[in-house]
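If you use this note's numbering, the sequence shown corresponds to residues 164 to 1115, in order.
By construction, the Cβ of each residue, glycine as well, lies at the ideal position given by its N, Cα and C atoms.
One structure is given here, and the rest of the page talks about it.
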Amino acid sequence: MSEHESEQVLENKLVQRFNGLGYKTVNLPDEMSLLSHFRQTLDEQNIENLQHERLTDSEFKRVLNELVGVKSHYQIARQLRGSDANPMGKISIQRDNDETVYLTIFDGLHFENNQYEVAHQITVSGTHENRYDVTVLINGLPIVQVELKRRGVDFRQAFNQVVRYKSESMRGLFRFVQLFVISNGGETRYFANGDGDLNANFMFYWTDRENNWLNDLDAFSASFFTKERLHSLIAKYTIFDSAKERLMIMRPYQIYAVEAIIKQAQDHPDKNGFVWHTTGSGKTVTSFKASQLLARDTDAEKVIFLIDRSDLDIQTSKNFNSYMTAIPGETALDLTTNTSSLVKQLQSHDNALIVTTIQKMNNAVNNPKYKGLLTSYHDKRVIFIEDEAHRSQFGEMRKNVNKWFANSQHFGFTGTPIFTQNIGSDKRTTETLYDEELHRYLIKDAIRDHNVLGFNVEQMSTLVGKDNISDEDVAGIDTREAMESEERLDHIVTHIMLNHDNKTKKRTYNAILAVPNTEIALRYYTLFQQKIKASHSDLKVTTVFTWTANEDSNQDNQGSTFDTSRHGLDHVISDYNETYHTNFSTEDFKGYFNDISQRMKDHNAQTRDENIDILIVVGMFLTGFDSPRLSVLYTDKKLQWHSLIQAYSRTNRVEKDTKPFGSIVNYRNLKKATDDAITLFSAGDESSFYVKQYDELLSELNEHVLQLHKIVERPQDVDELYNQGEDVLSTFVVAFRDVMRTYNQIRVYDDFEWSDVDSFTDQDLESFQGKYQEVYHQIGVRPKKDKTSILEDIDFQIDLLSTDRIDVQYIVNLVKAINLDNKDGRQADVNKIKRLLDKAATDELKSKADLIAAFLDEMVPTLQSGDNIGDSLNAYLAKRREVAVSEFAEDVKLPVNIIEKQIADTQFYGQADQNEMNKDLNDAGYGFKAKRDIKKRLKGFIQETIQRFTLV
């Protein structure tokens, strides 16, 4: 195949491939022809419901308003798919004769009941005129948009083209696009559409069942775009996150795992099974989707999603509730200790899917109060889905549950299975417990696919030269005197404080320090506080741990600063309350824990007063905690096997380009433990686990600097490139981008010194960054009437330069994450958001700041635990918008429905209907001059209303 295959040739071949898969090509040159085609398709597919009377023009306008109107992409996506119980996309409108008619737009159960078509080169006018390469239609609606680049061109240019199209012209029916596919023929990716910014780090490979890439466009299309597979991606393998109001598309390994579970349940109900998907690969989403489909597609009486309660911080429980369609007024996951609620769910016939904890289920089958009520479950078919099977399912609780549910089938998910090498005292492996491995996706696969990051592991020697004891010796003898000496701990704290900003990109990210016990945690905390005070640092450090009432160390600690762990934590929490304006105590440990969890996840470089920079832990947060903002793990404790991989994996969640890998800094000798764990959990292949080492990165950086200097020797020379055309300017962009990429990786190494870089200094970097940003800025401010620039689709990776933003999306996410379970926590969250609103810097946020603040004052105090804050915020904004429209309508003496229609037209078509506006103003009795003034006011009000009351 030619490396110079053009974009047009790729496009033609792709359309032919669609034809071979049974798609019909339709000629749709522009947006109006798309609307006309959809109208015809809708009429034909619903002709019986329409009683053979096709939609009139006014009825079709009602259809468009019902389909899109002022809806968010999330709302459109939910409408397309219907409900979990009845996955049929339907709408209803009132016909001209006042009768209500229901129209089907998508059949989510049977793929063959839908119409599949393909169009290419649809021209859409917006701020620019855009031509979309290939559009996949289902029932006349554009569902997948494919953008192509010729072979040899960076496929990310197609991603940036999608970003540009979204801002310039993707409106109306194109709001129905669920997925994007981009390709240059040899590299192909897919990703979900949505409101807000798209992130290039969340483009996914498509693979076969063995995790082999299907990168070539033809191989990708032959698998991905079969009618049945595409239908399953749209209808089955999406997750709706109601808390964040976003659509998540599943990755291929997640889909294949779910399909393997469904097949095992249907074909071999007598056999269990487990899925080995590495930590950070989205096991919880996979297991949750499996439970949903098992409840719908098998004959099981109940499907029970069983969770280890210890995993459930406030954000995890919110995630479960946001994924699941709950009964109105109830949360999907009942976190109370009241087992009777679980028993009621087991007795109910309303819902085949239950989400609960293993602790509550164990109590239900052991409590005499409930045994009589659950006797029927001895023989009924029940399927258990067990997340994090490596921990919670080995023990007496699992035995008790199995004994009661004698006809049960179990499916487990784990990122770190139990093998003979890391077996526990019960001598049971994951395979002996679950019978059969159904699918695997290892850490080497996840790093290769960029679904998680690789690791930079540094072994720091802390005892060399002291009485001839080295870390190598201590790894074997682990003498407490050496490892817990004040001098050593002081040395470690000093090292962390000197290097932390560099390792976290000036605290764009945060870190965890893992220590062996609560006594050491408190000693580390004290040392940090002393050095922070002495150096006038604004570093924020705290600790969290559990305690027991009568600890072995209590006697030895008499008369010390902290005679018990709890007394020490009381002191820590007192400091915490003073720092963050909270009111926690050890009596409200859950509230304290949840507040820490939320702060770690909300970490933002622009909110230093609200951040936790370093969290000292003993065991908490080393498993189950998932935060892309965590990038560094400092360890001063023994770790091995699954506990080591679990702890390391807290740092390797994908975020932005500014986070190239997870950083591990070991202050104890964990070299052999790390090698052993990697070998075990990578099935013997550790090649992808580690990122490039310092010498290799330094060589790369010097080479990139050399290439940059071939284009421009000095920063000021960039100005001359503007006179040489955009092709030359683009070579500078690519060359300096490579310098920044490599610098972003090498900067975290303790060895890095600018003197190691040939003919390049930190000042050169800053100066070139200024020139680079100016090129990016010039593209952003280019008058829209100008022709499209080739620079517009170059991937600037501007995240490498930018700091965090306090924008509308960030604030809305904070609002949705308000802790409704705790009065003090709720008020602390509200106060934090208000402080940020007072500092609103963007015009978009300023236009909404008073509305959000009013919501915090008026509505948040009325919400109950389990209420959906996002839904409440949307309802509040809709009510305020209704008031604003009503007041404006009264002012200009126009009916409310006229103004609402003009707003809807502007959002759907990109502009108001001028002819209808003139007619409405004439009907209202306005003369020529007055009409001109009112039109100007009306247009201004429409734009202001859309900006003010639309969150994303």
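- For valine 299, same chain residues with a beta-carbon under 8 Å away, outside a window of 5 residues either side, are Phe181, Tyr186, Tyr279, Glu280, Val281, Pro305, Ile306, Val307, Gln308, Val309, Phe388 and Leu393 in chain order.
- Beta-bridge partners assigned by DSSP to histidine 573: Phe547.
- Judged by beta-carbon spacing, leucine 509 lies beyond the 8 Å limit of leucine 469, meaning their Cβ atoms are not closer than that value.
- Counting along the chain, phenylalanine 618 sits inside the beta strand (DSSP E) bounded by residues 618 to 622.
- Checking the DSSP bridge columns, you'll see glutamine 308 partnered with Thr298 and Phe343.
- As DSSP reads the structure, isoleucine 470 sits in a beta bridge with Thr520.
- For glutamate 373, there is no enclosing alpha helix (DSSP H), as DSSP marks it with neither H nor E.
- Look at the beta carbons and you see the segment 455 to 465 not touching the segment 374 to 384: under three pairs across the two are nearer than 8 Å.
- Taken in chain order, the whole alpha helix (DSSP H) runs of length 4 or more contained in the segment 1040 to 1088 are 1059 to 1072 and 1077 to 1086.
- Proline 1024 counts as exposed, since fewer than 16 other beta carbons sit within 10 angstroms of its beta carbon.
- Residue pairing for threonine 286: DSSP places it in a beta bridge opposite Asp193 and Arg294.
- The three-state reading of DSSP puts tyrosine 597 in helix, counting H, G and I together.
- DSSP, reduced to helix, strand and coil, places glycine 825 within a strand of the structure shown.
- The DSSP-derived three-state label of aspartate 360 is coil.
- Secondary structure within the segment 168 to 224: the alpha helix (DSSP H) runs of 4 or more consecutive residues, fully enclosed, are 170 to 183 and 194 to 208 (chain order).
- Counting along the chain, alanine 836 sits inside the alpha helix (DSSP H) bounded by residues 834 to 844.
- Taking threonine 894 as the centre and dropping the five residues before and after it, the same chain places the C-beta of Ile874 closer than 8 Å to its C-beta, in chain order.
- In the DSSP assignment, leucine 690 falls within the unbroken alpha helix (DSSP H) covering 681 to 698.
- The secondary-structure analysis by DSSP pairs histidine 440 across a beta bridge with Tyr604.
- Within the same chain, Cβ atoms closer than 7 Å to the Cβ of leucine 802 are found at Ala810, Leu833 and Ala836, the five residues on either side in sequence being excluded.
- Excluding five sequence positions before and after alanine 846, the CB atoms of its chain that fall closer than 7 Å to its own CB belong to Leu605, given in chain order.
- The shortest CA-to-CA distance from glycine 315 to any of Leu173, Leu778 and Thr401 is the one to Leu173.
- Beyond the five residues adjoining it in sequence on each side, histidine 200 comes within less than 7 Å, by CB distance, of Val189, Leu191 and Gly303 in the same chain, given in chain order.
- A straight line joining the alpha-carbon of asparagine 484 with that of arginine 771 spans about 30 Å.
- The C-alpha of serine 728 is placed about 38 Å away from the C-alpha of aspartate 1020.
- In the DSSP annotation of this structure, the continuous segment of the alpha helix (DSSP H) that includes isoleucine 659 starts and ends at 649 to 666.
- Between serine 346 and leucine 396, the C-beta spacing is not below 8 Å.
- A buried status is given to glutamate 682, since no fewer than 16 other beta-carbon atoms sit within 10 Å of its beta-carbon.
- Exclusion of the five residues before and after tyrosine 1072 leaves Arg334 and Gly335 as the residues of its chain whose Cβ lies within less than 8 Å of its Cβ.
- Taking 8 Å as the upper bound for CB-CB distance, arginine 225 and glutamine 257 are in contact here, some 7 Å apart.
- Taking one beta carbon from each stretch, the segment 691 to 700 and the segment 750 to 766 have fewer than 3 pairs nearer than 8 Å; the two do not touch.
- Between the segment 786 to 801 and the segment 760 to 768 there are three or more C-beta pairs closer than 8 Å, enough to call the two in contact.
- Straight across, the Cα-Cα distance linking asparagine 994 with leucine 676 is about 29 Å.
- Separation of lysine 566 and glutamate 600 (C-alpha to C-alpha, rounded to the nearest whole angstrom) is 23 Å.
- Annotation: the continuous alpha helix (DSSP H) that includes arginine 904 extends over 889 to 909.
- For the pair asparagine 614 and arginine 414, the CB atoms are nearer than the 8 Å cut-off.
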